[in-house]
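A short write-up of the structure that comes next.
Chains as they are written, first to last, in this note's numbering: chain E, 873 to 986; chain B, 1301 to 1407.
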């Protein structure tokens, strides 16, 4: 199955700043996804990112706060904008690999906003 | 996407089979059942998936009832490294996580 490299693995950021998280897949995939996992909670889907179109956001998430790029079939970025301590979470990207392998995940970015 | 219901936690003795149940009574005909697990501080790991037939791979077996309203993930010989949160997910297009089952494998 595909391997996803996600970086940074962790960061500590000042409130009011922005952080861009990168996700690189070692094969071409059609659909990529971004998730947030708050401490002690399950994963929450932020948005779906398809190459060549705007990302589709889930309820409660907006493009101004979480802009996403998907320039090609192997790469995507998520930016967490104007951060506050409430944005402290693990952010994960995922790629759909079809029926055989399902969905593969990166190792996550642990973000702490101070 | 159909909703799933799982027990919040389970214990299992090391070396014994771990049977994790999942209810998905609103599943529709073209939706797959996927199982993932998340070991602390890591990204979710794919385990197995199925549509209506039972499936087996090197990690686990998946038993889906004939009416497809429930399924069971079986880890045949649980080890301490199988301690994790296990998620049962019904997928029609995107992966939506519920709260999962926290499995603790004890010596």
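Beta carbons are placed, not taken as given, at the ideal position from N, Cα and C, and that holds for glycine. The model shown is predicted, which means the values in this text are computed figures rather than measured ones.
When you compare only the Cα positions, how much space is there between residue 906 of chain E and residue 1312 of chain B?
-> One C-alpha to the other measures close to 33 Å.
Proximity to residue 942 of chain E [Cα-Cα], best of E/970, E/880 and E/900 | From the listed residues E/970, E/880 and E/900, the smallest Cα separation to residue 942 of chain E is found for E/900.
With 16 other Cβ atoms within 10 Å as the buried cut-off, status of residue 1382 of chain B = Residue 1382 of chain B comes out buried.
Whose Cβ in chain E lies nearer than 9 Å to the Cβ of residue 1340 of chain B?
-> By Cβ distance, chain E contributes nothing, its closest Cβ being about 11 Å from residue 1340 of chain B, past 9 Å.
Determine the DSSP secondary structure at residue 1314 of chain B, reduced to helix, strand or coil.
-> Judged by DSSP in its simplified three-state form, residue 1314 of chain B adopts coil rather than helix or strand.
In the DSSP assignment, find the beta strand (DSSP E) that holds residue 904 of chain E and state where it starts and stops.
-> That run of the beta strand (DSSP E) goes 903–909.
In chain B, which residues lie less than 7 Å from residue 905 of chain E when you measure between Cβ atoms?
-> Those are 1394 and 1395, listed as they occur along chain B.
Do residue 876 of chain E and residue 978 of chain E have their C-beta atoms closer together than 8 Å?
-> Contact: yes.
Helix, strand or coil: which one does DSSP assign to residue 957 of chain E?
-> Helix at residue 957 of chain E.
So which residues of chain E does residue 1334 of chain B contact, with C-beta pairs closer than 7 Å?
-> The answer, in chain order, is 974.
Looking at C-alpha atoms only, which residue of E/924, E/887, E/934 and E/914 is the closest neighbour of residue 946 of chain E?
-> Answer by Cα proximity: E/924.
Between the stretch 909–924 of chain E and the stretch 956–968 of chain E, are three or more C-beta pairs nearer than 8 Å?
-> They touch, by the three-pair rule.
Can you give the Cα-Cα distance for residue 1359 of chain B and residue 884 of chain E, rounded to whole angstroms?
-> Rounded to whole angstroms, residue 1359 of chain B to residue 884 of chain E spans 36 Å at the Cα level.
With DSSP as the reference, label residue 887 of chain E as helix, strand or coil.
-> In the three-state DSSP reduction, residue 887 of chain E falls in the coil class, being neither helix nor strand.
Can you pull the chain E residues whose beta carbon is under 8 Å from the beta carbon of residue 1399 of chain B, in chain order?
-> The contacting residues are 914.
Contact with chain E by residue 1344 of chain B, beta-carbon distance below 8 Å | Interface with chain E (8 Å Cβ-Cβ cutoff): residue 1344 of chain B is included.
Taking the C-alpha atoms as reference points, what is the distance between residue 1405 of chain B and residue 1378 of chain B?
-> Distance between the alpha carbons of residue 1405 of chain B and residue 1378 of chain B: 7 Å.
Taking residue 1350 of chain B as part of the beta strand (DSSP E), name the residues at either end of that continuous run.
-> Residues 1345–1350.
C-alpha gap between residue 1370 of chain B and residue 1319 of chain B, whole angstroms | Distance between the alpha carbons of residue 1370 of chain B and residue 1319 of chain B is about 13 Å.
For the stretch 945–977 of chain E, which residues have a beta carbon sitting closer than 7 Å to at least one beta carbon of chain B?
-> Listed by position, the residues of the stretch 945–977 of chain E near chain B (Cβ gap below 7 Å) are 964, 966, 973, 974, 975, 976 and 977.
Residue-chain proximity (residue 1324 of chain B, chain E), Cβ-Cβ < 8 Å = For residue 1324 of chain B, no CB of chain E lies under 8 Å from its own CB, so it is not counted at the interface with that chain.
Can you tell me the Cα-Cα spacing of residue 980 of chain E and residue 878 of chain E, whole angstroms?
-> Pairing residue 980 of chain E with residue 878 of chain E, the inter-Cα distance amounts to about 6 Å.
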